[in-house]
Every structure is written in C-alpha cells, then in structure tokens.
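Numbering (the numbering used here), first residue to last: 53 to 177.
As structure tokens, this is what we get:
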C-alpha cells in the first residue's frame, strides 16, 4: 500500500450534529459580543443526508438564515440531462429521489424544524 492509502482516516466523531450546533452557538455568542449586527449564516445542501446530519431546529434558532443550495441537482457527472435547479419534480427525471427539487428541499428543512422565515432559496445563475 502507498503512504496515502496506508494512513487511516480520522475516526468518526460521535455527536457530530451536537458538536456542530455547539460551534455555531459559540460563534453566535462571540459575534454578539463584538457587534449584534453581525450575521451568522450557512449554506446547506439539498439532500436528506444533509438534514439528517443537522439539528435543524436548533441550528435555525442560532443562525440568521440558512441558504438552501437548491441547484446542481443534475450535471456532468450524469449520463442523462435534466433541469439543474427544478422547482418541482418533472416527468422522466432520472434522479433517484423525486423530492430532490427546490420544493422538496424546503419541505425537508421545514419538516425538520426550520421556520420558513430562516430559509433562503439558493438559485443558479
């Protein structure tokens, strides 16, 4: 084995979701000490694993907003083309998840506890 493959990856850290929330909470605390007008935001992926790996409700309460990356649903990595940023599912979409759309993303985050007023729909340009 080469040196690159002989090195073990870092061990999986337990409580990753909780640790991420704690880091955001500390950033918020520090930002508020400096200037309460400082914004704390994040860009979040659109798929279910992203939601599963966040404490969405708690994170939304800490952040000023969450920018939902509702783009790059399709691209050069696929053999079939479709809308890069579909609002709703389309007939014939080769995607494994028919909820992999802007609407599906918003619904995932809302269901997980994010208030609508904290969600920003990211769009391609």
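Even for Gly, the Cβ is constructed at its ideal location relative to N, Cα and C.
Note that the structure is a prediction, hence the values are computed from the model and not measured.
Linking residue 144 to residue 156 through their CA atoms gives a straight-line distance of about 17 Å. With a cutoff of 8 Å on beta-carbon distance, residue 161 and residue 75 are scored as not near each other. Here the alpha carbons of residue 163 and residue 83 stand approximately 28 Å from one another. The three-state reading of DSSP puts residue 91 in coil, since its state is none of H, G, I, E or B. Straight through space, the alpha carbons of residue 131 and residue 106 are spaced by roughly 31 Å. Using a Cβ distance threshold of 8 Å, residue 170 and residue 86 do not count as a contacting pair. In the structure shown, the three-state DSSP call for residue 164 is coil. When beta bridges are read from the DSSP output, residue 117 appears opposite 93. Residue pairing for residue 108: DSSP places it in no beta bridge. Residue pairing of residue 75 in beta bridges, as defined by DSSP: absent, with no partner found. Residue 91 sits away from residue 172, with the two beta carbons spaced by 8 Å or more. In this structure, 113 is the residue among 158, 167, 176, 113 with its C-alpha nearest to the C-alpha of residue 81. At a Cβ-Cβ threshold of 8 Å, residue 122 and residue 98 count as neighbours.
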